[in-house]
Amino acid sequence: MSSKQPYDIEVQVAARFLDEQSRPADNRYVFAYTIKIRNLGEITAQLLSRHWIITDGNGKVQEVTGDGVVGEQPRMRPGEDYEYTSGAVLETSVGTMRGSYRMVAEDGTEFDAAIPQFTLSIPRTLH
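Residue 1 is where the sequence shown starts when you use the UniProt record's numbering, and the numbers rise one by one after that.
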């Protein structure tokens, strides 16, 4: 028996503040995040769509949905990964993002891959 799951997607995130694109005086804080999606399962899977929940430091929540990521719907065989960088603009210097990717396996099964919550923060804001 294999200990692997047929559908197992791992999501890792690294976020950074983009000082040169931000204007704190105008409540505009720009962040970039790089996401690595790895197929740890036993079957090829394709990313169909994304669903984000973005919360700023004031508690304002935005939900973003759409097809694919950065204009692509990557297909990953077992053991393969896909990496992309995108961004978010907040009205506060701190916020969080979390969400999920809608995936479809080559056998036609659709499933969600969780995007763990991560923090967007200007440097030296959080301890």
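Built from N, CA and C at the ideal position, the CB exists for glycine as well. Predicted model only: the values in this text are computed from it and were never measured.
Measuring only the C-alpha atoms, how far is residue 74 from residue 116? Rounded to the nearest angstrom, the two C-alpha atoms are 19 Å apart.
CB contact flag (residue 42, residue 78, <8 Å): Against a cut-off of 8 Å, the Cβ pair of residue 78 and residue 42 comes out as a contact.
What beta strand (DSSP E) runs, 3 residues minimum, are completely inside the region 89 to 120? If only uninterrupted beta strand (DSSP E) runs of at least 3 residues are considered, those enclosed by the region 89 to 120 are 94 to 105.
With distance defined between alpha-carbon atoms, name the residue in 89, 37 and 64 nearest to residue 56. Comparing Cα-Cα distances from residue 56 to each of 89, 37 and 64, the minimum goes to 89.
Verify whether the separation of the beta carbon atoms of residue 76 and residue 27 is less than 8 Å. Contact flag unset, no.
For residue 133, count neighbouring C-beta atoms within 10 Å of its own C-beta (all shown protein chains included) and say buried if the count is 16 or more, exposed if not. Lying before the first or after the last residue shown, residue 133 is absent from the chain, which here runs from 1 to 127.
Using CA atoms only, rank isn't needed, just tell me which of 113, 94 and 100 is closest to residue 124. Nearest in C-alpha terms to residue 124, of all of 113, 94 and 100, is 94.
Rounded to a whole number of angstroms, what is the C-alpha to C-alpha distance between residue 1 and residue 37? Caution applies to residue 1, whose pLDDT of 47 falls short of 50 and renders its modelled position unreliable; the model cannot decide the point.
Beta carbon of residue 122, beta carbon of residue 7: below 8 Å? Judged by beta-carbon spacing, residue 7 lies beyond the 8 Å limit of residue 122, meaning their Cβ atoms are not closer than that value.
Does the region 4 to 24 come close enough to the region 63 to 72 to have 3 or more Cβ pairs within less than 8 Å? No, the region 4 to 24 is not in contact with the region 63 to 72.
Restricting to Cα atoms, I'd like to know which of 32, 61 and 51 is closest to residue 20. Looking from the CA of residue 20, the closest CA among 32, 61 and 51 belongs to 32.
Given this structure, state the Cα-to-Cα distance separating residue 105 from residue 35, to the nearest angstrom. Rounded to whole angstroms, residue 105 to residue 35 spans 20 Å at the Cα level.
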